[in-house]
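If you read the sequence shown in the numbering used here, its first letter stands for residue 151, the second for the next number, and so on.
All C-beta atoms in this analysis are idealised placements derived from N, C-alpha and C, irrespective of residue type, glycine included.
A quick note: this is a predicted structure, and the numbers were derived from the prediction, not measured.
Have a look at the structure below, then the notes.
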Amino acid sequence: MQQILKSLGISDVNAGGFAGAWGASGKAQKVISPIDGETLGTVTNVTPQEFDAILAQCHRAFASWKLVPAPKRGEVVKAIGDELRRNKAALAELVTLEMGKTLREGLGEVQEMIDICDFAVGLSRQLYGLTMPSERRMHRLQEQWHPLGVVGVITAFNFPVAVWSWNTAIALVCGDTVLWKPSSKTPLTAIACTKIAEKVLRDFGYDPAICSLAIGKGSDIGDLINTDPRVALVSYTGSVPGGRHVGKLVQERFGKHILELGGNGAVIVSEKGDLDIAVRSIYFGAIGTSGQRCTSTRRVIVHSSIHDAFLARLQALYAKTPIGDPRKNENLMGPLVDAGAVETMLGAIETVKAEGGRILCGGERLPLPGGCYITPCIVAAPKDLPMMKEETFAPVLYVVPYDTIEEAIALQNSVPQGLSSAIITNDQRESELFLSAAGSDCGIANVNTGTSGAEIGGAFGGEKETGGGRESGSDAWKTYMRRQTSAINFSGQVELAQGITLEL
Ligand code: NAD
């Protein structure tokens, strides 16, 4: 472990602030691994005064970075991707140590960082504007995209490095600088990533404050980001209540925001689908990252004719789920992020029981070191179970029977969140209905694959209480830039639009 930490520049005591120089004199916090309760290191938070200086430097760095040609900015992102490739194994292990996901998922998360860097390098030559025909003679209309400013990236614990990279790789090629406030549960991975970006920026001779870092509590450092007009765009990933707060503060000062909030993923399992695909996708979607993905499968809406057969197969898999040290390849589930998350899950299960849900299996705390291990739970749920509308950020899976596809879609859409959904069917009419305007109301709607494991190529995000934001691939880059529309007159005369005449 010490070797991994050292190779990523992590010491016993680490400063949680960076904008060209490392430093932070605020409260020190111990970072405890949920794997076994061992201390990984200590991190000092930044004070409000230090935050101000970090933001000032990140803002200054924007003035020169925005003038670097986009393809040259892409070369920097390419080098960050190469550095991530070199450090993939170590960084994945640190992700696992710090938040407890299995090492294979940690490796997948770092791969996602590499993938978005590759995507962004290509994008750096494709920040296309448009030209449009003007209604006036000898005029031209065009749109251009310009760098926006400082992007404040506030991240959740469950994807401690990928979410930063989705935002940072795109923001950098767009000519923005980045100020990252990670979750206080995962500060070491944030320090490790910032050191990787720092090395690359220094090698190229650019201001390393282009990728700045401010570790501290959401209620103080987070709110400073929300309210400071020097932060042009706040990209916030976290819970719905947090996003509601952030959204209001950023909107009040007319800043831009991307809100990536809670989900409540559902899979519809049709009697016309492949049961094997259904069981395997739902199993991974529900227990992967110990049920702590925004896209985790939390609800299964299964046709009543196959309800019992489906449940029997899923329960058989749940019964033999290997749970334990997530660094060991044989384990498919590691710990929850901390003891508080275990308590939340146990509390949710009590509420589910009181509301009429029947616990079919799981929900038992395991006596393993660290105290963060629990068995995944399946609930036979009545259609109107109130807890089904909430996101319990833990491996609790509700199973509900349905009779018609219209009823299944209505159930899928009946929750406040709108992130991820899927249907398992071989019936084209069903899958097309699910993908149509009459179908799923989510930002992600998959066919014959589960709710989680999004690829970086598409825009990622969700509707309703999930916040409406989009990040990562496709044209999500446009949020990281400002659009400028120009009319250019080369006629040598004055001609007004809409046929308005000006007699002088
Ligand atoms: P959280 O809401 O507790 O914290 C998220 C981040 O917000 C942390 O960095 C936290 O310090 C910060 N924060 C807290 N108060 C703040 C404030 N006043 N201003 C600014 N920032 C503040 O979430 P979590 O427990 O770390 O993560 C789990 C949640 O995140 C779940 O709801 C999950 O669905 C959601 N999530 C969503 C996505 C997505 O893309 N939609 C991805 C990952 C996680």
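- In the DSSP assignment, methionine 631 falls within the unbroken beta strand (DSSP E) covering 631-639.
- For cysteine 511, the enclosing beta strand (DSSP E) covers residues 508-511.
- The secondary-structure analysis by DSSP pairs threonine 189 across a beta bridge with Ile182.
- Under the DSSP definition of a beta bridge, isoleucine 524 partners with Arg515.
- A direct Cα-Cα distance of roughly 48 Å separates isoleucine 346 from glycine 507.
- Annotation: the continuous beta strand (DSSP E) that includes serine 385 extends over 381-387.
- Counting only residues of its own chain and dropping the five nearest sequence neighbours on each side, proline 221 has a CB closer than 6 Å to the CB of Ser274, Arg275.
- Per DSSP, glycine 393 has no beta bridge partner at all.
- Per the Cβ contact rule, the region 611-624 is in contact with the region 410-429 (3 or more Cβ pairs under 8 Å).
- In summary, valine 644 is exposed, with fewer than 16 beta-carbon neighbours lying within 10 Å of its beta-carbon over all protein chains present.
- Per DSSP, the continuous alpha helix (DSSP H) segment holding alanine 240 begins and ends at 238-249.
- With a 10 Å radius around the Cβ and a threshold of 16 neighbouring Cβ atoms, proline 358 comes out buried.
- Under the DSSP assignment, alanine 165 falls in the beta strand (DSSP E) whose first and last residues are 163-165.
- In this structure cysteine 511 touches alanine 469 by the C-beta definition: roughly 7 Å separates them, less than 8 Å.
- Nearest to threonine 525 by alpha-carbon distance, out of Met249, Leu496, Ile559, is Leu496.
- Fully contained in the region 428-516 are the following alpha helix (DSSP H) runs of length 4 or more, in chain order: 457-469, 489-504.
- In the three-state DSSP reduction, leucine 217 falls in the coil class, being neither helix nor strand.
- Within the DSSP secondary-structure output, serine 564 pairs in no beta bridge.
- DSSP places serine 581 outside any beta strand (DSSP E); the residue lies instead in the alpha helix (DSSP H), whose first and last residues are 578-585.
- Apart from sequence neighbours up to five positions away, the residues of its chain that approach valine 163 with a beta-carbon distance below 6 Å are Thr192, ordered along the chain.
- Within the chosen limit of 6 Å, the ligand NAD does not reach the beta carbon of isoleucine 451 with any heavy atom.
- DSSP places asparagine 596 within a strand segment (E or B) once states are collapsed to three.
- In this structure, the beta-carbon distance from serine 420 to histidine 453 falls below 7 Å.
- Under the three-state reduction of DSSP, leucine 646 is assigned to coil, being neither helix nor strand.
- Proline 337 and valine 181 have their C-alpha atoms spaced approximately 8 Å apart.
- Between aspartate 186 and glycine 521, the CB-CB gap reaches or exceeds 7 Å.
- Within the chosen limit of 6 Å, the ligand NAD reaches the beta carbon of glutamate 410 through at least one heavy atom.
- With contacts defined by Cβ atoms closer than 7 Å, glycine 170 and valine 196 do not form a contacting pair.
- Take the alpha-carbon of glutamine 199 and the one of glutamate 557: they are about 55 Å apart.
- Between the C-alpha atoms of isoleucine 573 and serine 586 there is a straight-line separation of about 13 Å.
- Using a Cβ-Cβ distance cut-off of 8 Å, the region 363-370 and the region 246-253 are not in contact, since fewer than three pairs of beta carbons, one from each stretch, lie closer than that value.
- A Cβ-Cβ separation of about 27 Å leaves valine 492 out of contact with arginine 463 under the 8 Å criterion.
- Using a Cβ distance threshold of 7 Å, alanine 319 and alanine 270 count as a contacting pair.
- For tryptophan 314, no beta strand (DSSP E) segment is defined; the enclosing uninterrupted segment is the alpha helix (DSSP H) at 312-323.
- The Cβ atoms of cysteine 208 and threonine 377 do not sit closer than 7 Å to each other.
- Your pair arginine 287 and serine 641 checks out as a contact, with CB atoms roughly 6 Å apart and the cut at 8 Å.
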